[in-house]
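A quick write-up on the structure given underneath.
Chains as they are written, first to last, in our numbering: chain A, 212 to 787; chain B, 26 to 298.
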């Protein structure tokens, strides 16, 4: 047992076990126990615990600095040991909590909290079952780590797709039914989750898809890569058109509640796009971004609602230009005093500004105008005079949100790939050198704040029109944090990243209502994991790709297969 | 290398000075970094500033490029007094610079670094960019082409253009810094120890390159340099600073034989050069 490294594996198992104990103790696991992933077979809580065990195995089998990549046997052994240790930790704590009443310390640890972990079995039996499951799943994780990249990717993709499709049952079931595929819907879904045969089909399809996109001998792979490298114009255009059409008919397909969820994700998408300009491009860490969201919402509320003191009852679309001008002004007013601040100081001051704006709307001082805690009610939807359609229901408000998201993405994309975007990036990298290359950093900071504010205000305006009421408590710091988390998760400076971040971080939790209570915990865990595993974000901005679409260079930069680009410094050999 | 290059464009009136510095003084608290420095740079000349560490060379540079405001004195660049101007305004007037310890935009691509350098020369405004005007695209394409040409000029292989600046080897980073400075179409280029940390081969190439910049692009170059081979080989005039004061000025030959300079700084270096 020279190079098997079992002690580190045990340590990882210990950490995983403690993490499991933690999420059980706070009641997280129990909350999701009623949600199923596979009908009548697998609950979400069991899946979560199983995934923790597998992940433990994966981590335990990672290559070490001295011994390198472990052999499959070693990897499996390490994974098994780690999984076993995790199981032992959980069993011990389950035994402890059943012997000693800890419920006064952990209010969520009532009686049956550990039943989900012990499968409702008696402790001695459960201990054996748990240990065996832990070891097996851990070993699986270890083997998964030791497999070549392609099979691993196929298995992981299949697993993720099954879980996500199952969680999004509400969306897909309605969608299939709407498409007239009632029988298909019945085959895949039953009582809120994927059926077992459905899951098998989905898993096979997902694995097959991964293989087609990745395997060297696959007929589709070359095409996929050409689309990625943007050399195949035609296929990209077809894809864009298809995605566009899908987006247009989406609300009709998925029904009311999912449309509402997508709408909320869209609002955060818009916030993310704006904050991305300020933080991602210009590098100005703004923690008070919610201020602009609030200003946008209140502007619309006051100018459109019949219950506002202004009693103007203007049309939403008519006042939008005015809201945008107001927003840009607000951005400059808030931006100007903090121009000289950098980094942490800027973050703290903007955090303060965000709170100030909220407290102003909440204050008695402004009560005659903003209604303080009672807010402003009766905000009409964004009606178009020509269209006599309801505009506030989720399926309708979806369209203005979609419109502004697309518009915002185009604007952000153009700015990012221009003189302005480069100036922002340069400022973020080294402010004084940026100045010495002729960039007026004051102006560019203000521009970033103003444009970011316009995005934030638009999102706020749509928010007000969507829910019809504004209260100060809708504009708490959590909005800023979520918007920031969206761009960190997606990848700083990346527009596709913002889309993914908004859908994952805002859309998914709303579909998983159970998570709501633990939203901050999940955000925290996700952000820590991101910083450790993938600090560049899920869909990182293609820094390198930025300059290359007009390029005539041969494509030798990327090694897609391994998912690693050859970013190492090339050896100097340049003849002068 | 002290061949006088008289170009047709040069004015016939007395030596045309692109930079005139008069009685320049900079103090930091009680420390006098530059004291009553007078010096001039003729147009299309290569002028070096030398002196022991802490002599105030970089302080002088930072005042010319607008980072520091002089305590008193004046700096006239191409007929404009630049005292009081912000660095970006100075850059726009046509002064480009490199840094003693390389300061590239590390997480931007090589090509983007050069394109940022062209910032002050570009006209696209943010609202034009948002509207996606054709002129914006044209300018962008022209800038990209020009940046590639500059990469060729400084001898950076094309295959590096999409690489992040931080991934380049040291010598190439120095070249990239020069390319970025050149992208702003400067009239005066300030090079702060351009051969620091280079091996003899790279140093020789850089020295040659500095000569070419003046000869081919018609730039005026102000150089801070420690390597006496470079200084003596490339510059027409040398200004020597010591403890913030100018102690000598003249041609390489004059400096080489100036007893004050030998005493203050050159010493061993003079024998080697």
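Each residue gets a CB set at the ideal place from its N, CA and C atoms; glycine is no exception. Since we're looking at a predicted model, the values are computed, not measured.
Query: Could you list the residues in the region 609-640 of chain A with a C-beta less than 7 Å from some C-beta on chain B, going in chain order?; Result: 622, 625, 626, 629, 630, 631, 633, 634, 636, 637 and 640
Query: Does the CB of residue 296 (chain B) have a neighbour CB from chain A at under 8 Å?; Result: Any reading at residue 296 (chain B) is ruled out, since the residue's pLDDT is 46, under 50, leaving its predicted position unreliable.
Query: Alpha carbon to alpha carbon, how far is residue 319 (chain A) from residue 313 (chain A)? Give it in angstroms, no decimals.; Result: 10 Å
Query: So which residues of chain B does residue 750 (chain A) contact, with C-beta pairs closer than 9 Å?; Result: Result: empty, since nearest Cβ-Cβ is about 17 Å, beyond 9 Å.
Query: Please list, in chain order, all residues of the same chain as residue 84 (chain B) whose beta carbon is under 7 Å from its beta carbon, the five residues on each side excluded.; Result: 51, 58, 59 and 93
Query: Should residue 186 (chain B) be labelled buried (16 or more other beta-carbon atoms within 10 Å of its own) or exposed?; Result: buried
Query: Since residue 78 (chain B) sits in a beta bridge, which residues does DSSP pair it with?; Result: For residue 78 (chain B), which the question treats as bridged, DSSP gives no partner whatsoever.
Query: Could you check the C-alpha separation between residue 396 (chain A) and residue 345 (chain A) for me, to the nearest Å?; Result: 34 Å
Query: Is it buried or exposed, residue 113 (chain B), if we count other Cβ atoms within 10 angstroms and call 16 or more buried?; Result: buried
Query: Report the option in A:705, A:587 and A:605 whose CA atom is closest to the CA atom of residue 515 (chain A).; Result: A:587
Query: Please compile the residues from chain A whose C-beta is within a distance smaller than 9 Å of the C-beta of residue 149 (chain B).; Result: 629, 630 and 631
Query: Thinking C-beta only, is residue 348 (chain A) closer than 8 Å to residue 261 (chain A)?; Result: yes
Query: Would you mind working out which of B:231, B:76, B:210 and B:267 sits nearest residue 139 (chain B), comparing C-alpha positions?; Result: B:210
Query: Tell me the DSSP secondary structure of residue 684 (chain A) in three-state form.; Result: helix
Query: With distance defined between alpha-carbon atoms, name the residue in A:550, A:519 and A:682 nearest to residue 495 (chain A).; Result: A:550
Query: Check for me: the beta strand (DSSP E) holding residue 249 (chain B) runs from which residue to which?; Result: 245-249
Query: Contact criterion: CB-CB distance below 8 Å. Does residue 378 (chain A) meet it with respect to chain B?; Result: no
Query: Measuring only between beta-carbons, confirm whether residue 644 (chain A) sits less than 8 Å from chain B.; Result: yes
Query: I need the DSSP call for residue 237 (chain A), collapsed to helix, strand or coil.; Result: coil
Query: Answer with yes or no whether the minimum CB distance from residue 42 (chain B) to chain A is below 8 Å.; Result: no
Query: Between A:337, A:332, A:426 and A:390, which has its C-alpha nearest residue 362 (chain A)'s C-alpha?; Result: A:426
Query: For the beta strand (DSSP E) that contains residue 247 (chain A), what are its first and last residues?; Result: 247-249
Query: Short check: CB of residue 122 (chain B) to CB of residue 90 (chain B), under 8 Å?; Result: yes
Query: For the 8 Å Cβ check, are there 3 or more pairs between the region 602-620 of chain A and the region 466-473 of chain A?; Result: yes
Query: State the DSSP-derived secondary structure class of residue 504 (chain A), mapped to helix, strand or coil.; Result: helix
Query: Using a threshold of 8 Å, state whether the C-beta atoms of residue 242 (chain A) and residue 566 (chain A) are closer than that.; Result: no
Query: Keeping to the same chain, check which residues put their C-beta closer than 7 Å to that of residue 699 (chain A); ignore five residues upstream and five downstream.; Result: 738, 741 and 748
Query: Go to residue 674 (chain A), then tell me how far its beta strand (DSSP E) extends in each direction, as first and last residue.; Result: Taken as a continuous stretch (DSSP letters only), residue 674 (chain A) belongs to no beta strand (DSSP E), being part of the alpha helix (DSSP H) at 652-678.
Query: If you reduce the DSSP assignment to three classes, tell me which class residue 58 (chain B) lands in.; Result: strand
Query: In chain order, which continuous runs of the alpha helix (DSSP H) of length 4 or greater are located wholly inside the region 364-427 of chain A?; Result: 380-389, 393-399 and 407-425
Query: When you compare only the Cα positions, how much space is there between residue 811 (chain A) and residue 720 (chain A)?; Result: The structure shown does not extend to residue 811 (chain A), since chain A spans only 212 to 787, so no value can be given for it.
Query: Got a sec: which bits of the region 132-146 of chain B sit with their beta carbon under 7 Å from any beta carbon on chain A, in order along the chain?; Result: 132, 133, 134, 136, 137, 140, 141, 142, 144 and 145
Query: To which residues does DSSP link residue 587 (chain A) through a beta bridge?; Result: A:681
Query: What are the start and end residues of each continuous beta strand (DSSP E) run of 3 or more residues lying completely inside the region 103-180 of chain B, in chain order?; Result: 120-122
Query: Output the boundary residues of the beta strand (DSSP E) element that contains residue 213 (chain B).; Result: 213-217
Query: Residue 669 (chain A): which of A:385, A:366, A:306 and A:506 sits nearest, CA to CA?; Result: A:506
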